[in-house]
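Student:
2 protein chains.
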Amino acid sequence: MATIAHHPTLADVAREAGVSVSTASRALRDDAAVSPMTKRRVRDAARRLGYEPNKLARSLRTRSSSFVGMIVPDIAIGFYARAVKGAQDVLEQAGYQVLVMNTEREAGRELQALRTLLSHRVDGVLLATSGGFEDSDRVPVVLFDNLVPGSGVGSVARANREGVAILVSHLVGHGHERIGFVGAPPILTSGFERLESFQASVAAAGLSLRSEYVRLGDESWSPSSGERAMRELLALDEPPTAVVTASDTLAFGAIEAVRARGRRIPDDVALVSFDDPLFGDLLEPPVTALARNERELGELAASLLLHAFQTGVRATPAEVRLPVELIVRRSCGCL
Amino acid sequence: MATIAHHPTLADVAREAGVSVSTASRALRDDAAVSPMTKRRVRDAARRLGYEPNKLARSLRTRSSSFVGMIVPDIAIGFYARAVKGAQDVLEQAGYQVLVMNTEREAGRELQALRTLLSHRVDGVLLATSGGFEDSDRVPVVLFDNLVPGSGVGSVARANREGVAILVSHLVGHGHERIGFVGAPPILTSGFERLESFQASVAAAGLSLRSEYVRLGDESWSPSSGERAMRELLALDEPPTAVVTASDTLAFGAIEAVRARGRRIPDDVALVSFDDPLFGDLLEPPVTALARNERELGELAASLLLHAFQTGVRATPAEVRLPVELIVRRSCGCL
DNA sequence: CTGAAAGCGCTTACAG
DNA sequence: CTGAAAGCGCTTACAG
Chain A
2 MATIAHHPTL
12 ADVAREAGVS
22 VSTASRALRD
32 DAAVSPMTKR
42 RVRDAARRLG
52 YEPNKLARSL
62 RTRSSSFVGM
72 IVPDIAIGFY
82 ARAVKGAQDV
92 LEQAGYQVLV
102 MNTEREAGRE
112 LQALRTLLSH
122 RVDGVLLATS
132 GGFEDSDRVP
142 VVLFDNLVPG
152 SGVGSVARAN
162 REGVAILVSH
172 LVGHGHERIG
182 FVGAPPILTS
192 GFERLESFQA
202 SVAAAGLSLR
212 SEYVRLGDES
222 WSPSSGERAM
232 RELLALDEPP
242 TAVVTASDTL
252 AFGAIEAVRA
262 RGRRIPDDVA
272 LVSFDDPLFG
282 DLLEPPVTAL
292 ARNERELGEL
302 AASLLLHAFQ
312 TGVRATPAEV
322 RLPVELIVRR
332 SCGCL
Chain B
2 MATIAHHPTL
12 ADVAREAGVS
22 VSTASRALRD
32 DAAVSPMTKR
42 RVRDAARRLG
52 YEPNKLARSL
62 RTRSSSFVGM
72 IVPDIAIGFY
82 ARAVKGAQDV
92 LEQAGYQVLV
102 MNTEREAGRE
112 LQALRTLLSH
122 RVDGVLLATS
132 GGFEDSDRVP
142 VVLFDNLVPG
152 SGVGSVARAN
162 REGVAILVSH
172 LVGHGHERIG
182 FVGAPPILTS
192 GFERLESFQA
202 SVAAAGLSLR
212 SEYVRLGDES
222 WSPSSGERAM
232 RELLALDEPP
242 TAVVTASDTL
252 AFGAIEAVRA
262 RGRRIPDDVA
272 LVSFDDPLFG
282 DLLEPPVTAL
292 ARNERELGEL
302 AASLLLHAFQ
312 TGVRATPAEV
322 RLPVELIVRR
332 SCGCL
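Note that the protein sequences, when read in sequence, are chains A and B. The numbering of the first sequence is this note's numbering, which starts it at 2 and goes up by one. The numbering of the second sequence is this note's numbering, which starts it at 2 and goes up by one.
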């Protein structure tokens, strides 16, 4: 490949087929007004030249880019990668291309990503916000994972409260009375809802709610922050006998902390987690956790956006909550 | 958000600022020919209107989209997700947007993705091929992970041969003489090179090369196919005492197989793997493996593409091999 | 059934 | 230093 070849244009095709540009355009889009014979001629010409229509020009003319932007904190996190795939499946099926942008959880980058997408005239945006969102009336936005109450043409998140309630009551069922929590800062809805539900669930079980049993990791829910939080719990005079972690990443860190202290799961401390870790079966011990359904989450977010396109963004914004399901393994003490 | 607002255009800004469209355009791009006062007026007007330039129109006019396409088998696989992030960092820094496309390892979808990218007039493509690649002279392509000899303006892959050689000689150092291999079909370069290197390394160590010790998983390197391959090895009359797996995904399956048969790693069979599994420390047992450097892989691929842009695609295509590094844990028998 | 013309929103010679 | 004009490659009323 020594040099870059010229992309043939519609004018090239028209010339080759001996018709006008308008007729060539219609023929390729299978307009009923064009005679079958002309269509054949134009299509043959297009094939011969290897014509590939210029989407940029079409988008400019039709004022619709067929692009949808998707903004996630970190595509390298399995959770978001799978949500992206789910959304992509639905949107590509509907003729849209997905522009994926990472924010590294920085509000500033999120705002910048939103601007970039706007300048590409995306038809819509799927956003898992890290806090940098300002509602815009120039493009419909569907929020997922972390919601912004009152914003967007739709929202999709997991049933955070129900999920944590299930985890807590499973531990209560095992007879635990001293239950700790390794969570995330309550600045975004998923962190907030899981924390609040933990407190509510413990209270609902008739257990006393000890503030020293609640430890929060960092804003990126990192394993290392989970490790630190768990270390703090284990160092208490009367440490909890069971712990709920708010994510698989926090659980990874928590497991390390238990191991580093020479304790065993579930014998010394039981552990259950939000988010089912990938290959959770191979971990030592296998972790009891809430099943992943992030692919469905992406699909749903995409569907809500498509729905907004159709209804012209006038309907009441839907807020969908995805149910969660408990996968029982050994870390809770079962088996 | 009841309705979608109109995007202000450059004409709107020009009118607001009381200048011509050409002057407005120049002012916003900081052209030296425009007087400072006019620049200020135009910029203020743009800010007041919330003007966001239409990239589509600019791309059409300048015949450069500032888009780079990136085609991967599966974004939900950590390996590719991190490569994407690495590439994205480099490319966004250079003013390009990255369009990520999944192929699910289907050659047909890969070809389709390539077409879609061409019609969006991407300036270049980063491709981890699954076999559907046809070289095009319309856009520069950098191949990564799986290479196509003689194609592309550049190539980046890991040092597959050296990596497998390191794994084999580590096992030989442990005294193993019956070494098995759980690999992938040799249809793409990474599968082929790792397989070939295994055979060469075993021979180089003076061990006899038994064909029944070489088992291949499926084309997607799936854990389940690794499990099957390992089961076959364990069922042999004289099973290998150590096994090399060609990827972390295959290793996951292999570990399951060993466990299902009631055997232990490394006591009954030692295991080392290409690709360092994420949170490999938490697996039981912790897996000795070759370190991940996929982020660097993506960065390098992107750099090669940028380089091709600059040199006008005339230079000899570079083929870069990323070195690998052994992370010693317990599955090999060390400690 | 087909074509000439206008226009999407920019950039960029060209003229002044 | 500024503006009028042409053109990037399409689509789509409008006329015939």
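Each residue gets a CB set at the ideal place from its N, CA and C atoms; glycine is no exception.
Is isoleucine 78 of chain A closer than 8 Å to glycine 132 of chain A when the C-beta atoms are compared?
Tutor: No. Outside cutoff.
Student: Roughly how far, in whole angstroms, is the beta-carbon of arginine 42 of chain A from the beta-carbon of alanine 6 of chain B, given that I think they are within contact range, below 8 Å?
Tutor: Actually they are not in contact, since the Cβ atoms of arginine 42 of chain A and alanine 6 of chain B sit about 43 Å apart, beyond 8 Å.
Student: How far does the alpha helix (DSSP H) with valine 22 of chain B in it extend, from its first residue to its last?
Tutor: 22-29
Student: Histidine 308 of chain A touches chain B at which residues, Cβ-Cβ below 8 Å?
Tutor: Those within 8 Å of histidine 308 of chain A in chain B number zero; the least Cβ separation is about 14 Å.
Student: Is it right to say glutamate 326 of chain B is buried, meaning 16 or more other beta carbons lie within 10 angstroms of its own, or is it exposed?
Tutor: Exposed, because fewer than 16 other Cβ atoms sit within 10 Å of the Cβ of glutamate 326 of chain B.
Student: May I ask which residues mark the beginning and end of the alpha helix (DSSP H) holding serine 120 of chain B?
Tutor: 108-120
Student: So arginine 159 of chain A is in the alpha helix (DSSP H); what residue range does that whole segment cover?
Tutor: Segment 155-159 is the beta strand (DSSP E) holding arginine 159 of chain A; no alpha helix (DSSP H) there.
Student: Counting pairs of Cβ atoms below 8 Å between the region 269-280 of chain B and the region 228-246 of chain B, do you hit three or more?
Tutor: yes
Student: Can you look up valine 35 of chain A in the DSSP assignment and give me helix, strand or coil?
Tutor: coil
Student: Contact defined as beta carbons within less than 8 Å: I believe valine 14 of chain A pairs with alanine 47 of chain A. What is the distance between those atoms, to the nearest angstrom?
Tutor: 5 Å
Student: Tell me the start and end of each unbroken beta strand (DSSP E) in the region 47-106 of chain A that is at least 3 residues and wholly inside, in chain order.
Tutor: 68-73, 98-103
Student: Among A:Arg265, A:Pro9, A:Leu119, which has the Cα closest to the Cα of leucine 235 of chain A?
Tutor: A:Arg265
Student: Would you say asparagine 55 of chain B reaches chain A, if we count a Cβ-Cβ gap shorter than 8 Å as a contact?
Tutor: yes
Student: On the CB-based measure, 16 or more other CB atoms within 10 Å of its CB, does valine 165 of chain A come out buried or exposed?
Tutor: buried
Student: Of all the CB atoms in chain B, is at least one closer than 8 Å to the CB of threonine 117 of chain A?
Tutor: Interface flag for threonine 117 of chain A against chain B is set, since a Cβ pair is found closer than 8 Å.
Student: Between the alpha carbons of tyrosine 97 of chain A and phenylalanine 68 of chain A, how many angstroms are there, rounded?
Tutor: 5 Å
Student: Considering only residues of the same chain and omitting the five flanking positions on each side of valine 85 of chain A, which have a CB-CB separation below 8 Å?
Tutor: Met71, Val73, Ile76, Val99, Val101, Gly299
Student: Taking 8 Å as the CB-CB limit, is glutamate 233 of chain B close to chain A?
Tutor: So no, glutamate 233 of chain B is outside the interface.
Student: Give me the Cα-Cα distance between valine 149 of chain B and threonine 190 of chain B, rounded to the nearest whole angstrom.
Tutor: Valine 149 of chain B and threonine 190 of chain B have their C-alpha atoms some 8 Å from each other.
Student: Counting Cβ pairs closer than 8 Å, one from the region 198-205 of chain A and one from the region 155-172 of chain A, do we hit at least three?
Tutor: Touching, yes, given that three or more Cβ pairs across the two stretches are closer than 8 Å.
Student: Are alanine 302 of chain A and phenylalanine 193 of chain A touching if we call contact CB-CB under 8 Å?
Tutor: no
Student: With a cut-off of 8 Å on the beta carbons, I'd call serine 223 of chain B and aspartate 249 of chain B a contact; round off their distance for me.
Tutor: Going by Cβ atoms, the distance from serine 223 of chain B to aspartate 249 of chain B rounds to 12 Å, so no, they are not a contact pair.
Student: Let me make sure I understand the geometry here. Which of B:Ala158, B:Asp31, B:Leu305 has the alpha-carbon closest to that of alanine 95 of chain B?
Tutor: B:Leu305
Student: Could you check the C-alpha separation between glycine 109 of chain B and threonine 130 of chain B for me, to the nearest Å?
Tutor: 11 Å
Student: Name the residue from B:Ala25, B:Ser66, B:Arg260, B:Asn55 whose alpha carbon lies nearest to the alpha carbon of arginine 62 of chain A.
Tutor: Looking at the Cα atoms, B:Asn55 is the closest of the given residues.
Student: Using a Cβ cut-off of 8 Å (strictly closer), state whether glutamate 297 of chain B contacts chain A.
Tutor: no
Student: At what residues does the beta strand (DSSP E) containing glutamate 320 of chain B begin and finish?
Tutor: 319-323
Student: Alpha helix (DSSP H) containing glycine 176 of chain B: first to last residue?
Tutor: Here glycine 176 of chain B belongs to no alpha helix (DSSP H), and DSSP marks it neither H nor E.
Student: Would you check if the distance between the CB atom of glycine 334 of chain B and the CB atom of histidine 175 of chain B is smaller than 8 Å?
Tutor: yes
Student: Starting from valine 273 of chain B, trace the beta strand (DSSP E) in both directions and tell me its first and last residue.
Tutor: 271-274
Student: Does alanine 3 of chain A pass the burial test, meaning 16 or more other C-beta atoms within 10 Å, or should it be called exposed?
Tutor: In this predicted model, alanine 3 of chain A has a pLDDT of only 38, less than 50, meaning its place in the structure is not dependable; the value taken from the coordinates is given anyway. Answer is exposed; the Cβ neighbour count stays below 16.
Student: Does the ligand HEM have even one heavy atom less than 7 Å from the beta-carbon of glutamate 239 of chain A?
Tutor: Among the ligands in the structure shown, none appear at all, so the ligand HEM cannot be discussed.
Student: Going by C-alpha distance, which of B:Leu92, B:His177, B:Asn103, B:Pro278 is nearest leucine 251 of chain B?
Tutor: Per the Cα distances, B:Pro278.
Student: Mind pulling the chain A residues with CB within less than 9 Å of glutamine 94 of chain B?
Tutor: The contacting residues do not exist; glutamine 94 of chain B stays about 13 Å from chain A at best.
Student: Determine whether the Cβ of asparagine 103 of chain A lies closer than 8 Å to any Cβ atom of chain B.
Tutor: yes
Student: Please name the residue or residues paired with leucine 128 of chain A in a DSSP beta bridge.
Tutor: A:Ile72, A:Leu144
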